[in-house]
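Trainee: Protein chains in written order, with my numbering: chain A, 1 to 427; chain B, 1001 to 1316.
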């Protein structure tokens, strides 16, 4: 299949390119940018005039819900939703049922996703057996099976000695460990930020020290072990300040935030909106402003959707009983664009947070538009408005804080491995 | 907050879920209506026909004796048909969801649900999903709200003190877990009480509690000094677990209301308690049964206030 993408504004954060160019694709690769190679005849000609052509998005946290939670979503639906969101590479956390703690499970998942249309799927392996925080998994074998990193997802790791051992073992094979810092005791039973809204609504709270105490512990263990740690889903100003200092000290760490946390705060929980029951909790407006600032500053390395499709029955419960999480893989691009517009951040820098930089954290060949590189491309209209609704979302999860709201930025085409994987029919 | 869910387009009450955000005119209307029902209790035939033919379902997902009984008496005095369901022991244990339970009961031609649930926001959730003609009264949800208790406490204060604009009120005890205290605070601030104090150890206070418009005191002597009203909150036994408090004895010594501590309040102060009391933990028997106590009046007024709420919701 030979594809020409014509007249688009090509924005590639890796090279700094932001100009109108034609892109020529053959055999899954970008073979030329600019003038067509001699005797190139496209089978498919995509008119990208007025559209942005950028590397396919890289999302560090997308729950595909398989195996085990097929009543919430399936590989087919969520991979299709991801492609519709312009995502061409994604990491899926190990919190499936059973968790991704055995090479056989990971091989099965890789096999299933390879045979399903949609993005490249990179499993994150369980750091501990059954995610119970007690025994290490066979990390080396899991890596051979295809795991790109290891994490506890949102499961607690109570025993600090197990955490130290896990980091030491990971260092042995130079494996990256992704951790969402949360002290399990301080967070126990909590569902909302320990602030004015939790005080008012009487919701069990998760204080900011749940994040900072855990962060401090992990940072000390990183200094001790030299482990490659990525901090997932930071939620507080105090936590970001600690990461800033640690990076300044030269520690080899990276971090990401969930895209919803750049826009929403505890105030959005205020009418018991279960779609705003997220993990970590939406914090104060000051924390949200700190996240937005840290993104603009470059402190935060990536924005992810933390996609968590949930069936209606599991959401239509009192707030604290409702399954946490929001569907988000289709909102990653428009919500990142919204933040950039509101913050006066240039498009190329915003796209960097959802292409090149997360690809670097994943350690895979993605997130760039380069001659000879894979033809993973997202083509979108940066201004097109669309309304988030159960009908417009392809994800089986309709649990979005943005239901009924209009967002700007709509994906028109997604190319994965040189194939037109997604094409919006109506716009 | 939640004003829209609780009010009809014309500003009248549709559901009673929380006192947070309810306008003063509604609170006053309920208190005035309750006043007119006080006399019903003194009649030989303690009934009025306001809710004749209406079906009221008491849905108690959490055990309760006093609140459920007073709602039942109130409904019966309004001539409604009352069905009591203790769901903690039936449908939910069979795996039925909250909204399924409500949908099934709605199909039995319910006009009103009186709901108690262990999770904050449960009554809001039900109110969002019931058909338009069905009213929801929150009889206590998690730590969030217990609006009829808050209203009967306001009724009690008004009966004894006349007005709110010159009062100093102290609420003593476990605010962190108390839906009653939250409803009292919203009602007091809405009705114009100029000084609401909270007296408790730091472990029993939510962070950012001052945003609710209260003054925080850790000590009893300064906390209830010159107060016109002292409201004691129930301290549940399980609070001794989880490192919130060291012992009931120490709690009683520092925050239990004794005649000695009560001397810091105004000489004509009234003492209230939502019940059930733990004598010797948060309150001394000499105070509970003493001349300042209006605790049993609260129970009596509770029936009139619940009659007022139900008649305003479904009697029109």
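Even for Gly, the Cβ is constructed at its ideal location relative to N, Cα and C.
Whose C-beta lies closer than 8 angstroms to the C-beta of residue 1002 (chain B) among residues of the same chain, with five residues either side of it excluded?
Mentor: In the second chain, counting from the first residue as 1, residue 1002 (chain B) sits at position 2. Low confidence applies to residue 1002 (chain B): its pLDDT is 42, below 50, so where it sits in the model is not reliable enough to give any reading.
Trainee: Comparing alpha-carbon positions, which option in B:1203, B:1225, B:1112 lies nearest residue 1054 (chain B)?
Mentor: For the purposes of this step, residue 1054 (chain B) is identified with residue 54 of the second chain, where counting begins at 1. It is B:1112 whose Cα lies nearest to the Cα of residue 1054 (chain B).
Trainee: Measuring alpha carbon to alpha carbon, tell me which of A:155, A:163, A:284 ends up nearest residue 189 (chain A).
Mentor: Position 189 of the first chain, counted from the start, is the residue given in the question as residue 189 (chain A). Checked all of A:155, A:163, A:284; the closest Cα to residue 189 (chain A) is A:155.
Trainee: Residue 319 (chain A) by DSSP, collapsed to three states: which one?
Mentor: The count along the first chain starts at 1 and reaches residue 319 (chain A) at position 319. Note: residue 319 (chain A) maps to helix in three-state DSSP.
Trainee: Less than 8 angstroms between CB atoms is the rule here; does residue 202 (chain A) satisfy it with respect to chain C?
Mentor: Judged by its chain identifiers, the structure shown contains no chain C, and its protein chains are A and B.
Trainee: Looking at C-alpha atoms only, which residue of A:285, A:246, A:254, A:255 is the closest neighbour of residue 263 (chain A)?
Mentor: Along the first chain, one-based indexing puts residue 263 (chain A) at 263. When only C-alpha atoms are compared, the closest one is A:285.
Trainee: Give a yes or no on whether the C-beta atoms belonging to residue 429 (chain A) and residue 29 (chain A) are separated by under 8 angstroms.
Mentor: Limits of chain A in this structure are 1 at one end and 427 at the other, which puts residue 429 (chain A) out of reach.
Trainee: Mapping DSSP to helix, strand and coil, what is residue 1184 (chain B)?
Mentor: Position 184 of the second chain, counting from 1, holds the residue named residue 1184 (chain B). Helix.
Trainee: Would you kindly check if the distance between the Cβ of residue 92 (chain A) and the Cβ of residue 121 (chain A) is under 8 angstroms?
Mentor: In the first chain, counting from the first residue as 1, residue 121 (chain A) sits at position 121. In the first chain, counting from the first residue as 1, residue 92 (chain A) sits at position 92. In this structure, residue 92 (chain A) lies closer than 8 angstroms to residue 121 (chain A) by Cβ.
Trainee: Between residue 1267 (chain B) and chain A, is there a C-beta pair that is closer than 8 angstroms?
Mentor: As a first step, residue 1267 (chain B) is located in the second chain; it is residue number 267 there, counting from the start. For residue 1267 (chain B), the nearest beta carbon of chain A is not closer than 8 angstroms to its own beta carbon.
Trainee: Please report how far the alpha carbon of residue 145 (chain A) lies from the alpha carbon of residue 173 (chain A), in whole angstroms.
Mentor: For this step, residue 145 (chain A) is matched to residue 145 along the first chain. For this step, residue 173 (chain A) is matched to residue 173 along the first chain. Approximately 14 angstroms, taken between the alpha carbons.
Trainee: So residue 243 (chain A) is in the beta strand (DSSP E); what residue range does that whole segment cover?
Mentor: Walking along the first chain from the start, residue 243 (chain A) turns up at place 243. No beta strand (DSSP E) holds residue 243 (chain A); the alpha helix (DSSP H) holding it covers 237–248.
Trainee: Is there a Cβ from chain A that is less than 8 angstroms from the Cβ of residue 1209 (chain B)?
Mentor: The residue given as residue 1209 (chain B) occupies position 209 in the second chain. Cβ-Cβ to chain A under 8 angstroms: yes for residue 1209 (chain B).
Trainee: When DSSP builds the beta bridges, which residues end up paired with residue 178 (chain A)?
Mentor: Here residue 178 (chain A) corresponds to residue number 178 of the first chain, with the count starting at 1. Note: residue 178 (chain A) sits in a beta bridge opposite A:151, A:230.
Trainee: Under the assumption that residue 1196 (chain B) contacts residue 1172 (chain B) (Cβ atoms under 8 angstroms), give the Cβ distance between them as a whole number of angstroms.
Mentor: For the purposes of this step, residue 1196 (chain B) is taken as residue 196 along the second chain, with counting starting at 1. For the purposes of this step, residue 1172 (chain B) is taken as residue 172 along the second chain, with counting starting at 1. About 12 angstroms; that fails the 8 angstroms criterion.
Trainee: Looking at residue 353 (chain A): is its Cβ nearer than 8 angstroms to the Cβ of residue 411 (chain A)?
Mentor: Counted from its first residue, the first chain places residue 353 (chain A) at position 353. Counted from its first residue, the first chain places residue 411 (chain A) at position 411. No; because the gap between Cβ atoms is not below 8 angstroms, this pair is not in contact.
Trainee: Note down the Cα distance separating residue 68 (chain A) from residue 109 (chain A), rounded to an integer number of angstroms.
Mentor: Position 68 of the first chain holds residue 68 (chain A). Position 109 of the first chain holds residue 109 (chain A). C-alpha separation (whole angstroms): 12 angstroms.
Trainee: In its own chain, which residues sit with a C-beta less than 8 angstroms from the C-beta of residue 43 (chain A), not counting the 5 before and 5 after it?
Mentor: Within the first chain, numbered from 1, the residue matching residue 43 (chain A) stands at position 43. Cβ neighbours of residue 43 (chain A) beyond the five flanking positions: 1, 2, 3.
Trainee: To the nearest whole angstrom, what separates the beta carbons of residue 306 (chain A) and residue 328 (chain A), a pair I think is in contact under 8 angstroms?
Mentor: In the first chain, the residue the question calls residue 306 (chain A) occupies position 306. In the first chain, the residue the question calls residue 328 (chain A) occupies position 328. With a Cβ gap of about 6 angstroms, residue 306 (chain A) and residue 328 (chain A) count as contacting.
Trainee: Compute the Euclidean distance between the alpha carbons of residue 1074 (chain B) and residue 1310 (chain B), then round it to the nearest angstrom.
Mentor: Within the second chain, residue 1074 (chain B) is the residue found at index 74, counting from 1. Within the second chain, residue 1310 (chain B) is the residue found at index 310, counting from 1. Using only the alpha carbons, I get a separation of about 8 angstroms.
Trainee: To the nearest angstrom, how far is it from the Cα of residue 1150 (chain B) to the Cα of residue 1183 (chain B)?
Mentor: The residue you call residue 1150 (chain B) lines up with position 150 of the second chain. The residue you call residue 1183 (chain B) lines up with position 183 of the second chain. So the alpha carbons of these two residues sit roughly 5 angstroms apart.
Trainee: So for residue 24 (chain A), helix, strand or coil by DSSP?
Mentor: For the purposes of this step, residue 24 (chain A) is identified with residue 24 of the first chain, where counting begins at 1. In the structure shown, residue 24 (chain A) falls within a strand segment according to DSSP collapsed to helix, strand and coil.
Trainee: Closer than 8 angstroms by beta-carbon distance: list the chain A residues that pair up with residue 1067 (chain B), in chain order.
Mentor: Indexing the second chain from 1 puts residue 1067 (chain B) at position 67. Correct list: empty, because the minimum Cβ distance to chain A is about 17 angstroms.
Trainee: Which residues does DSSP pair with residue 1135 (chain B) in a beta bridge?
Mentor: As a first step, residue 1135 (chain B) must be located in the second chain, where it is residue number 135. Note: residue 1135 (chain B) sits in a beta bridge opposite B:1112.
Trainee: Return helix, strand or coil for residue 29 (chain A), following the three-state DSSP convention.
Mentor: Taking the first residue of the first chain as position 1, residue 29 (chain A) is located at position 29. Looking at residue 29 (chain A) - three-state DSSP - the assignment turns out to be strand.
Trainee: Indicate whether at least one CB of chain B lies closer than 8 angstroms to the CB of residue 7 (chain A).
Mentor: As a first step, residue 7 (chain A) is located in the first chain; it is residue number 7 there, counting from the start. By this cut-off, residue 7 (chain A) is not an interface position.
Trainee: Residues of chain B with a CB under 9 angstroms from the CB of residue 320 (chain A): which are they?
Mentor: Sequence index remark: in the first chain, residue 320 (chain A) carries index 320 (1-based). What residue 320 (chain A) touches in chain B: 1119, 1120, 1121, 1142.
Trainee: Starting from the C-beta of residue 21 (chain A), find all residues in its chain whose C-beta is less than 7 angstroms away, skip the five residues before and the five after it, and write them out in chain order.
Mentor: Your numbering for residue 21 (chain A) matches position 21 in the first chain. The answer, listed in chain order, is 10, 33, 34.
Trainee: Taking Cβ to Cβ, would you say residue 1161 (chain B) is nearer than 8 angstroms to residue 1167 (chain B)?
Mentor: Looking up residue 1161 (chain B) in the second chain gives position 161. Looking up residue 1167 (chain B) in the second chain gives position 167. Result yes, Cβ atoms of residue 1161 (chain B) and residue 1167 (chain B) sit closer than 8 angstroms.
Trainee: Would you call the CB atoms of residue 1281 (chain B) and residue 1248 (chain B) closer than 8 angstroms?
Mentor: The sequence position of residue 1281 (chain B) within the second chain is 281, counting from 1. The sequence position of residue 1248 (chain B) within the second chain is 248, counting from 1. Cβ distance < 8 angstroms, so residue 1281 (chain B) and residue 1248 (chain B) count as in contact.
Trainee: Enumerate in chain order the residues of its own chain whose CB-to-CB distance from residue 1047 (chain B) is below 6 angstroms, with the five nearest sequence positions on each side excluded.
Mentor: Residue numbering aside, residue 1047 (chain B) sits at position 47 when the second chain is read from its first letter. Cβ neighbours of residue 1047 (chain B) beyond the five flanking positions: 1077, 1079.
Trainee: Can you give the Cα-Cα distance for residue 1086 (chain B) and residue 128 (chain A), rounded to whole angstroms?
Mentor: Position 86 of the second chain holds residue 1086 (chain B). Position 128 of the first chain holds residue 128 (chain A). Between the alpha carbons of residue 1086 (chain B) and residue 128 (chain A) lies a distance of about 42 angstroms.
Trainee: Rounded to a whole number of angstroms, what is the C-alpha to C-alpha distance between residue 248 (chain A) and residue 287 (chain A)?
Mentor: Reading the first chain from its first residue, position 248 is the one you call residue 248 (chain A). Reading the first chain from its first residue, position 287 is the one you call residue 287 (chain A). Taking the straight line joining both Cα atoms gives about 21 angstroms.
Trainee: I'd like to confirm the pairing. Which residues does DSSP put opposite residue 1283 (chain B) in its beta bridges?
Mentor: Translated into positions along the second chain, residue 1283 (chain B) becomes position 283. Note: residue 1283 (chain B) sits in a beta bridge opposite B:1257, B:1279.
Trainee: Specify, as a first and last residue, the run of the beta strand (DSSP E) that residue 406 (chain A) falls within.
Mentor: Here residue 406 (chain A) refers to the residue found at position 406 when the first chain is read from its first residue. Looking at the DSSP string, the run of the beta strand (DSSP E) that includes residue 406 (chain A) is 406–416.
Trainee: Specify the secondary structure class of residue 1003 (chain B) as computed by DSSP and reduced to three states.
Mentor: For this step, residue 1003 (chain B) is matched to residue 3 along the second chain. Here residue 1003 (chain B) scores only 48 on pLDDT, less than 50, and its place in the model should not be relied on; the value that follows carries that caveat. Helix at residue 1003 (chain B).
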